[in-house]
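Residue numbers (the working numbering): 7 to 351.
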């Protein structure tokens, strides 16, 4: 491998790695990428539990009060509210919310009240069992964008509530897409910053020679995209362009199709820029006739406390419209108020 290529890969990877490390540090220390706004100081969980109970009493639910409380409490505080409500009123707050709320607001709030692993498992189950058709994009998003540690937790929750995640994927997905999902679920990947430049070059050479429809080539693609680290995939895209003057995503699209192509693309995009990937998911969910509310809820609820600020920036940059404005125009009522409260920042 020529020194200039090694240098170009290394510089590109270092830039991406430094950015990822910095983002992770900011998220952990300052939550700067989160758009969740909370009062300072937050009311006590007991006070919130009592106010929620009052909102449920009488004729009809004071839905505005419920939204104003729950949309402005962080994950730890929401968990304490659940505990206090159970202690004070001997009821599971989630069951009360399920009885009192309706429609998309109910779906969004109930998902919001779960911890991340529970949330992902519930969303996965909904996508897998989606009627009338298996939601391939939703399942791809929830599996192919998660780390090994997150997937282990999701699998544990999923099996404790329903059945084996692997068995459900086997029953509902198909073809190379099914094989990709199963491999991603069951593969332990290295997730550190180091890369092997020779392996990067070897992978680039292999992809250059892949033939559309070749089952053996597709099997190796699955192995490559499910076993390589995110840092490796970032370096691979840079190396591929340097070696062949073509974008790696376009090269993959030339030799794959359908849900399999979307799965490989999701893995590659999230290795480089998860926020850009989620901005595209939101765009697909809200363009054309009708809104795919399940996808909107899934992204807003799962990313609000992680990187929604960055998603908003990417959405504005790519589609020339503020995400807040698009959600405002595509939703209504308390459902709209809840989503906007989570992402307004």
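C-beta atoms are modelled at their ideal positions from N, C-alpha and C, and glycine is treated no differently.
Bear in mind that the values here come from a model prediction, so they are computed numbers and not experimental data.
DSSP on residue 107, reduced to helix/strand/coil?
-> coil
Could you give the residue range of the alpha helix (DSSP H) that holds residue 178?
-> 171-178
Since residue 140 contacts residue 178 with CB under 8 Å, what's their CB separation in whole angstroms?
-> 5 Å
Quick one: grab the DSSP three-state call for residue 57.
-> helix
Contact under 9 Å by Cβ, residue 186 with residue 210 | no
Given a cut-off of 9 Å, decide if residue 133 and residue 144 are closer than it, judged by their beta-carbon atoms.
-> yes
Expected contact under 8 Å - CB spacing of residue 254 and residue 246 to nearest Å | 4 Å
Compare the C-beta of residue 221 with all C-beta atoms of chain C and state if any pair is closer than 9 Å.
-> Considering every chain present, this structure includes no chain C. It has just one protein chain.
Return the Cβ separation of residue 112 and residue 123 in integer angstroms, given the expectation that the two are a contact with Cβ distance under 8 Å.
-> In fact, because the Cβ distance is near 21 Å, the residues do not count as touching under 8 Å.
Quick one: grab the DSSP three-state call for residue 101.
-> helix
Residue of 115, 39, 88, 98 minimising C-alpha distance to residue 340 = 115
Could you tell me if residue 169 is buried or exposed, where buried requires 16 or more neighbouring beta carbons within 10 angstroms of its beta carbon?
-> exposed
Is residue 39 helix, strand or coil when you go by DSSP?
-> coil
Can you tell me whether DSSP reads residue 253 as helix, strand or coil?
-> coil
Helix or strand or just coil, what does DSSP make of residue 201?
-> coil
Whole-angstrom distance between residue 250 and residue 41, CA atom to CA atom | 40 Å
Give me the Cα-Cα distance between residue 205 and residue 308, rounded to the nearest whole angstrom.
-> 34 Å
State the CB to CB distance for the pair residue 311 and residue 80, rounded to an integer number of angstroms; the pair is presumed to be in contact (CB under 8 Å).
-> 7 Å
Buried versus exposed call for residue 269 [16 or more other C-beta atoms within 10 Å across all chains shown] = buried
My understanding is that residue 348 touches residue 77, with C-beta atoms under 8 Å, so please give their C-beta distance in whole angstroms.
-> 6 Å
What do you reckon, are the CB atoms on residue 288 and residue 329 nearer than 9 Å?
-> yes
When you compare only the Cα positions, how much space is there between residue 302 and residue 259?
-> 26 Å
Is it right to say residue 46 is buried, meaning 16 or more other beta carbons lie within 10 angstroms of its own, or is it exposed?
-> exposed
State the start and end residues of the unbroken alpha helix (DSSP H) segment that holds residue 348.
-> 339-349
Burial state of residue 315, where buried means 16 or more other Cβ atoms lie within 10 Å = buried
Minimum C-alpha distance to residue 62 - residue among 91, 193, 167, 39 | 91
Measure the C-alpha to C-alpha separation of residue 335 and residue 327 and round it to an integer number of angstroms.
-> 12 Å
Alpha carbon to alpha carbon, how far is residue 203 from residue 158? Give it in angstroms, no decimals.
-> 29 Å
Buried or exposed: residue 121, going by 16 or more other Cβ atoms within 10 Å of its Cβ?
-> exposed
With 16 other Cβ atoms within 10 Å as the buried cut-off, status of residue 6 = A question about residue 6 goes unanswered here, because the residues of the chain that appear run from 7 up to 351.
Whose C-alpha, out of 89, 43, 39, is nearest the C-alpha of residue 53?
-> 89
Cβ neighbours of residue 64 in the same chain (closer than 7 Å, five flanking residues each side left out) = none
For residue 193, I'd like the list of residues in its chain whose CB is within less than 6 Å of its CB, leaving aside the five on either flank, ordered along the chain.
-> 232, 233
Euclidean distance between Cα positions of residue 343 and residue 117 = 16 Å
Helix, strand or coil: how does DSSP classify residue 238 here?
-> helix
For residue 118, does the three-state DSSP call read helix, strand or coil?
-> helix
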